[in-house]
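Beneath this line is the structure, given in C-alpha cells, with notes to follow.
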Amino acid sequence: MSLRTLTNNSITWTDLRKPTAGDIERLREQFPFFHPLDLEDCLSHLERPKIDEYENYLFIVMHFPVFNKATRRLGSGEMDIFIGRGFLVTVTDGILKPLVDDFDDCEMDEVIRRQFMGRGSYYLLYMLIDDLVDYCFPIVDKENHNTERIEETIFDGDARELVREISIIRRNLINFRRTIKPQMKIIASLERKDWEFLRGDLDVYWGDVSDHIVQIWERLEDLWEVVEGLSTTLESLTSNRINEVMKILTIFSVIMLPLSVISGIYGMNLSRLPLASHPLSFMIIIGFMVAIVVGMLTYFRREGWL
Amino acid sequence: MSLRTLTNNSITWTDLRKPTAGDIERLREQFPFFHPLDLEDCLSHLERPKIDEYENYLFIVMHFPVFNKATRRLGSGEMDIFIGRGFLVTVTDGILKPLVDDFDDCEMDEVIRRQFMGRGSYYLLYMLIDDLVDYCFPIVDKENHNTERIEETIFDGDARELVREISIIRRNLINFRRTIKPQMKIIASLERKDWEFLRGDLDVYWGDVSDHIVQIWERLEDLWEVVEGLSTTLESLTSNRINEVMKILTIFSVIMLPLSVISGIYGMNLSRLPLASHPLSFMIIIGFMVAIVVGMLTYFRREGWL
Amino acid sequence: MSLRTLTNNSITWTDLRKPTAGDIERLREQFPFFHPLDLEDCLSHLERPKIDEYENYLFIVMHFPVFNKATRRLGSGEMDIFIGRGFLVTVTDGILKPLVDDFDDCEMDEVIRRQFMGRGSYYLLYMLIDDLVDYCFPIVDKENHNTERIEETIFDGDARELVREISIIRRNLINFRRTIKPQMKIIASLERKDWEFLRGDLDVYWGDVSDHIVQIWERLEDLWEVVEGLSTTLESLTSNRINEVMKILTIFSVIMLPLSVISGIYGMNLSRLPLASHPLSFMIIIGFMVAIVVGMLTYFRREGWL
Amino acid sequence: MSLRTLTNNSITWTDLRKPTAGDIERLREQFPFFHPLDLEDCLSHLERPKIDEYENYLFIVMHFPVFNKATRRLGSGEMDIFIGRGFLVTVTDGILKPLVDDFDDCEMDEVIRRQFMGRGSYYLLYMLIDDLVDYCFPIVDKENHNTERIEETIFDGDARELVREISIIRRNLINFRRTIKPQMKIIASLERKDWEFLRGDLDVYWGDVSDHIVQIWERLEDLWEVVEGLSTTLESLTSNRINEVMKILTIFSVIMLPLSVISGIYGMNLSRLPLASHPLSFMIIIGFMVAIVVGMLTYFRREGWL
Amino acid sequence: MSLRTLTNNSITWTDLRKPTAGDIERLREQFPFFHPLDLEDCLSHLERPKIDEYENYLFIVMHFPVFNKATRRLGSGEMDIFIGRGFLVTVTDGILKPLVDDFDDCEMDEVIRRQFMGRGSYYLLYMLIDDLVDYCFPIVDKENHNTERIEETIFDGDARELVREISIIRRNLINFRRTIKPQMKIIASLERKDWEFLRGDLDVYWGDVSDHIVQIWERLEDLWEVVEGLSTTLESLTSNRINEVMKILTIFSVIMLPLSVISGIYGMNLSRLPLASHPLSFMIIIGFMVAIVVGMLTYFRREGWL
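Chains as they are written, first to last, in numbering that gives the first Met the number 0: chain L, 0 to 305; chain F, 0 to 305; chain Y, 0 to 305; chain C, 0 to 305; chain R, 0 to 305.
Written as C-alpha cells, this is what we have:
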C-alpha cells in the first residue's frame, strides 16, 4: 500500500511513504537503472541535501521544515527524489503535509492530476517543490506571530514564561535556518543547470521558487534580530525589577530597623531607664520614632527612590 | 471616487487608493494589456518589492516606512506602480502621505502639475519616489531625536521607562531597515537599466535618489550602534544601582542587627542579668552600642563603601 | 615493536606509534631520501597541518579530534604521513583510534588488507583519512547529545552544573573547530592537486571526504549557535530566579518588620503604655497586626507580585 | 569681515566663516560660474561629504571631528570647498581650528603664505586637508588617554562614574567613526582622480593623507575593542561586588537572626521560663549564643565564604 | 658605545640602541644618501610599520610584541631598518631581546656571525625577522598558559581575581593583535616584491616567516574566543552565586522573622496575655515555633530550594 503510482499522459509519479526494504526492492525492479547507493539512501536519514547526476536521471535529497504541534519544536522532513524523462519518484516519511496532500489530490481528482502532471516530470517536480516552499510561509508567520505575542506581553508578562517562549523561538529559528539554508543551493542549481533528459524552459518558474526561499530566509533573519532584541529587553527589565524590589526591601528595612532597636532598648530589664517613668514617655518615644520615619522618607524622596 | 486620473501634456497619472475589486476591474478595462497577475497583486499585500518587466510597461512594487503616531511603531506602506510611455498608475493604501499630497497638489494646482508631469512619465515617477525617499529623513530625525532624549536622561531617568523607549526604538530601527534595504536594490535597478518605452537620461536623478537612500541606510546603521551602546550603558547602570542599594541595606542591617541582639539580651526575663541593677547600666549599654556603630562605620569607610 | 610494516601487491604501509629517536633512525635507513627536517618533525608536536611537496614524495601533517573520556575534554591527535609511489608511512601517537584499528585489521585480516591496499598508496591514504574524518561524526553527535541534554534540563536543572556543562561544550567546540578548520584546506589541496608519482583519478573520493568535513564544520557552527542561545537562556533564567527570590524575601520582610516593631513597642518597660491594661488589649493589637498583614498582602497582590 | 581673501603668486584663497546670505551673494558676484545649488549648500548643514565635478571647478564638502570641551562630546565641523585653477574658496562655521589657524598664519606671515600658496591651488588644498587630518591625532590621543585612565581606575574607581565615562567615550568613538568614514572615500577620490584644471602630480601627497586617515580609522577600531572590553570588565566587577555585598549581608543576618530569636524567647512574659531562675542562666544562654555564632562562622569558612 | 658595527665578507651590520641625535648624525655621515625624513623617524616613535622604497635602499619600520614582566602588560618595541646592497642598519630601543641577543652573539662568536652574515644583507634581515617572529610563540604560549590557569580555577577561584586576570589577558590579546596585524602586510610585501639592489631567491624563506606570523595570528584568534567564553562563564557563575546567596538569606529570614514576631508578641507588657500563665505555655509556644520552622523547611524543599 505504501508504494503508489499515478499515470497521466506519458509520465508516472511513484510515491513511497515510510518505505520498507521490501518497497525499495520493488522500486529497484521497476527502475533497474537506479544506483544501488541511492536506493540505500532512501532507507536512511541524510543530514544534508544533494543532487546526484546520472546519465538519465537525477537523485535529489531535500529537507523541509515540519512543525511538531505537541512539542512546539520545528524539525525537518526528508524528501528523496528520482527524476528522469517521464517519471518522478518521491520517497518520504509521510510527514511533509503539502506533498502528501498533492499526491492524494492528484489521485482523487483528474483535473488536479492534469494540472500537476500535464507538462512533464520536471514541471511536476517544480509544482511539488513550489508547494513545499510556499508551505514554509505559514510556519514563518506562526513564529512571527509568537514573537509578536512576546513583544506585547514583555512588559507585564510572567518573566519565566517569557524566557521559555524566547528560548523555544530561538531554537526553532536556528533549526529553520539550518533546514532552509542548504535547500537554497539546491534550488539555485535547479534554476541554473540544464539536463538533457529534462524538458527545460522552466527557468522562470525555478527563479520564482528561488525568490520565495530567499524571502523566507530574509524574514528568518529579521525575526532573529527581533528575538535577540526581545531577549535583551527582557534582561534589562529583569535587572530593573530586581533593582525595584531591592529598593522596597531596603527602604522598609532602613526605616524599621532603627524603630526595632529603639523599642528594644526600652524593653531592656534595667533598673533605671531614662524617661521610662515620665508620664509622657510613650508619646515622646513614639514621636521620636515618627521623626525617624519622616526623616528617612524625606531622605529617600530626595534621592529619587520614591 | 477612489480611481482618479490627471492628464497633462500627453501623459496621464491614475491614482487608486484602497482599491476594491471593482476599481481594479475598471483599471483592467482602461489598460487591457496589464498582466492579470499584476492586477491581482494590487489587491493583496506583498512582502517584498520587485520590478516586473513587460514589453511596453513596468510593474513596480515598493514599500516605504510609515510612522503610526498612536502606537509609536514604524510600519510600512505599499505602492504598486504601472509605468509605460505616457501613463503612470499608482495603487496604494492611501497611507503614504507624500504620494497623497503630491497627487492632491497636482490636482489642485496647475503649476505643480506641470512641474511634476511636464517631462514624461518616467520623470513623474522619479519625482514621486524622490519625495517618498526624502520623507524618510524626518522619520530618521525623529528616531534620532528620541535616541538623544534617552541619552540625556539615561543617568537620571526612570529605568523602566528607558527600557521601554529603547525597545521601541530598537524595534522601529529593525522595521525601518527591513523596509529600506530591498528598496535600495530597486532604485539601483532604476538607475542602471534602460527601457525602450521610457525616456532615459534620468541617470543623474536616480543617482541622487540612490545617494539619499544610502544616506538613510547609513544613518540607521549609526543609530543602531548608538542604541546598542545605550542599552549596554543602561544595563551597567542598573547593575550598579542594585549594588548601591544592596550596600545601603547591608550597612544598615550590619549596624542595626547587633544592637537589636544586645537590647534583646537585656530584655530577657532572667532572674540575674549582669549589670542590670548597676546605676549606670543604661549608659554603659548605650555606650557599647555607640561603640559598635562607630566601629562598623569605620570599617565600611575603610572598605570604601561610604 | 613500534615500527611495523605491511605489504600487499607492490605497496608497503609502515606504521610508527609513539616513535623514539631510534625508530626514526631505522625509518631514515629504510627511506634515505626523506628530508631530515621531516623526520625531525615526526618527533615533535606540530601545531598546524601542512603538505610539503618533494620530487618523489609528499610529507603531510594532519590533526584529528580525540575525545578524552576522563576529562571530557576534546583534544587533537597528530598524524604525520610520508606518501610516494608504492609506499605509505604513518607516524602517530597511537591515540587516533580509527588509524590504529585500520592497521590492526589490515595486519590480521587479508581481505581487509586487500581492500585497503589493493589500489595503490594514494587510495590507501584516502581510506585512512576517510575513516578519520568519519570518526568525527560520532564526536559531533556526542556534543550534540550533551547540548540536547542541557536543553532538556535548563529550566529545572542545577544552574551551577549547567554553567559547567555549557562551558565544557563551548570549549570542546572551540577546540573541535580549531582542529577541523585547517584540515579542510589540506583535504581541498588533495582534491585539487595532482602529483606525478601518485595515481590520480581519486578526485571523486577526495571530493566525498571534503563534503564530509564541510558537513562536520557546518554542524559545529549550528551547535555553537545553539550553545550560545542556551547560555543566554540560562543567564535570563538566573536573573529571573534572583528576582523571584528577592520578591519572597521582600514580601516577608515588609510584612514581618512592622509586626516586630509593634510588638517591640508594647514590650517597652514604660510606666504607662496606652491600652496596655485594657482587658481586650491583646485582641486589639493582634487585630491591628492582622490588618497590616492583610493590607500588605492586598498591596502586593495588586502590584502583581503574588 | 567674514569674507576675506589672500593672494599669492597667481592664486587667491577666499575664506568665509559663518557666512550670511549676503556673504554668499558677494561670493556669487566674484565667481559667477559657481552652481547656484552649491552656493545654497554653503548656507545649510550637509550630513554627508561629496565631490561635485564641474567643467572648471570642484565643489567639495568635508567634515572633521571637533571636540567640545564643555560637554566633552565629539561633534563635527563642515568645510565647503570650491577649487579651480588659481582659486580656492573655503566656507566653514569657523570651528575647525587648524583651518582658522592656517588662514590667520598665511594672512600674518608671508613666509607661511608662500609655503602654503606657492605651488598652486591644489597643493594649497592638500596642505589644508593634511592639517585637518593630522589634527585628528591629538583627538584620538585624548580618547586613548581617557580610555587608559578608565583602565587604571576600573578596579577601584566609582562604578557610576566609570559607567558614565565609558558611555561618553563610546559615544565619541561612534561619532568619530561616523565623521571619519566617509572622508576616507573623498580623500581616496582625490588620490585617484585627475582633473584637467588642477595641476596633478600630487598623488604621493594625497597617498600620505590617505595613509594617515586610515591610521586614524584603525586606531579608532582598536580603541573601540578596548572600550568594549572595559565595559565587560566593569559589568563583571559589578556583578562580583553585588555578590560580595550579598555575602556579607547574608552572613550577618544568618548569625544575628537566631540570636534575636533566642533572646526574644527569653523576653516573653510567661509565668514559667525554663532556666530563667537558674543562677547561671545568663551564662548558659550567652554560651549557647556564642556556640551558634562559632558554628555559623565555621560553616561559612568551610563553604569558602570567609 | 650605542652605535656598533659588525663586518663579515663584504657586508656591514650597524646597530643603534636608544639612539641620540648625535648617533643619528654619525649615521648620516656614514650613509649620506639616507633620506633625512627617515633619519628623523629613527628618533621618534612611529605607530604603524611601513616600507619606504628608495633607489638603492629600503627603509622599513616594524614592531614586535614585548612583554613587561612587572606590569604583566604586553607592549610593543619598534625596529627601524635601512637595508641596501652590502649593508644593514637596525635602530631600536634595545627592548627587542632576540635582536639584542643576535647582535651580541654575532659580535662574540665568529661562527654565528658567518651564519647570519654570510649570505648577504637581505638574508641577514630574514634571519633577524625570523627570530623576532619566532620569539612571539613563547609569548602566545604564556598567554595561553594564563588562559588555561583561569580555566582550571574558574569554578573555585576568587572571582575578583579572575575578573582582573581575564581583563589583563583580554587587553594583552588586543595589543598583541594590534602589533602583529600590520606586520603581516609588511612581511607579505617582502615575500612578494623584488628589489634590484637586494639578492632575491629568498621567497621560500619569507614564505616561511609569513606562515609563522599567520599561525600566531590564528592562535591569537582562538585564544580570544576562549577568553570571551571564560568571561561569559564567569558572568554566569557570578549570577548563579548571587542567586545561591540570596536563597540562603531568604530561607533564613523567612524562617526567623515569624519566630521573632511570635516571641515579640509574648514579650508585650500587657495585663492579659492568653496562655501566658498556663503551666505549659513555654512548651506550647516553642512547639508552635518548631511547627513553623518545619513547615517552612518543607515548603522550601518542595520548591527545590534545598
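Backbone N, C-alpha and C define an ideal beta-carbon position, used for all residues, glycine too.
In this structure, DSSP gives Phe66 (chain R) an extended state, which the three-state scheme calls strand. Scanning its chain for C-beta atoms nearer than 6 Å, with the 5 sequence neighbours on each side dropped, one finds around Leu197 (chain Y) the residues Tyr121, in chain order. In the structure shown, Tyr121 (chain Y) falls within a helical segment according to DSSP collapsed to helix, strand and coil. Taking Pro48 (chain F) as the centre and dropping the five residues before and after it, the same chain places the C-beta of Val60, Met61, His62, Pro181, Gln182 and Ile185 closer than 7 Å to its C-beta, in chain order. In terms of Cβ geometry, Met126 (chain F) and Phe115 (chain F) form a close pair [threshold 8 Å]. Taking C-beta separations shorter than 6 Å and ignoring five residues to either side along the sequence, the partners of Ile94 (chain F) in its chain run Val65 and Gly76, following chain order.
Between Glu224 (chain C) and chain R, the shortest Cβ-Cβ separation is below 8 Å. As summarised for the stretch 168-247 of chain R, there are no continuous alpha helix (DSSP H) elements at least 4 residues long confined to that stretch. Restricted to the stretch 15-63 of chain R, the beta strand (DSSP E) segments that are unbroken, complete and at least 3 residues in length are 49-52, listed in chain order. An exposed status is given to Glu147 (chain R), since fewer than 16 other beta-carbon atoms sit within 10 Å of its beta-carbon. DSSP places Ser259 (chain C) in the helix class (H, G or I) of the three-state scheme.
Distance check between Asp100 (chain C) and each of C:Asn55, C:Ile128, C:Ile168 and C:Phe175 places C:Ile128 closest, using alpha-carbon atoms only. The three-state secondary structure of Arg148 (chain C), taken from DSSP, is helix. Collapsing the DSSP output to three states places Ile153 (chain F) in coil.
Setting aside the 5 residues that flank it on each side, Asp133 (chain F) is surrounded in the same chain by Pro97 and His211, each with a C-beta closer than 8 Å to its C-beta; the list follows chain order. Close CB contacts of Ile149 (chain Y) within its chain, under the 7 Å cut and outside five residues either way in sequence, are with Leu161, Glu164, Ile165 and Leu229 (chain order). Nearest neighbour of Glu39 (chain C) by Cα position, chosen from C:Tyr56, C:Thr19 and C:Asn55, turns out to be C:Thr19. Taking the beta carbon of Asn268 (chain C) as reference, the chain F residues within 8 Å of it are Asn268, listed in sequence order.
Taking 7 Å as the cut-off between beta carbons, the residues of the stretch 243-264 of chain F near chain L are Val244, Met245, Ile247, Leu248, Phe251, Ser252, Met255, Leu258, Ser259, Ser262 and Gly263, in sequence order. By a beta-carbon distance limit of 8 Å, Tyr56 (chain F) does not contact Ile23 (chain F). Their separation comes to about 16 Å. The three-state reading of DSSP puts Leu98 (chain R) in helix, counting H, G and I together. A straight line joining the alpha-carbon of Asn143 (chain Y) with that of Asp221 (chain Y) spans about 10 Å. Along the stretch 151-164 of chain Y, going in chain order, the ones with a CB nearer than 9 Å to a CB of chain L are Ile153 and Phe154. Here Thr11 (chain F) is actually not in contact with Gly119 (chain F); their C-beta atoms are around 12 Å apart, not less than 8 Å. Checking the DSSP bridge columns, you'll see Asp140 (chain F) has no partner listed. In the assembly as shown, Glu302 (chain L) is an exposed residue. Its beta-carbon has fewer than 16 other beta-carbons within 10 Å. Proximity of chain Y to Thr232 (chain R) at the Cβ level (cut-off 8 Å) is accounted for by Val162, Ile165, Ser166 and Arg169, in chain order. Scanning its chain for C-beta atoms nearer than 8 Å, with the 5 sequence neighbours on each side dropped, one finds around Gly206 (chain L) the residues Glu190, in chain order. With a cutoff of 8 Å on beta-carbon distance, Leu258 (chain L) and Ile283 (chain L) are scored as not near each other. Gly294 (chain L) and Ser252 (chain Y) have their alpha carbons spaced roughly 21 Å apart. Bounds of the alpha helix (DSSP H) holding Arg113 (chain C) are Glu109 to Met116.
Close partners of Leu272 (chain R) in chain C (Cβ separation under 7 Å): Asn268. Going by C-alpha positions, Ala69 (chain L) is about 16 Å away from Arg170 (chain L). Within chain R, the residues whose beta carbon sits less than 9 Å from that of Thr237 (chain Y) are Ser235, Ser238, Asn239, Ile241 and Asn242, listed in sequence order. When beta bridges are read from the DSSP output, Ser75 (chain L) appears opposite L:Pro64. Going by C-alpha positions, Val88 (chain L) is about 16 Å away from Gly117 (chain L).
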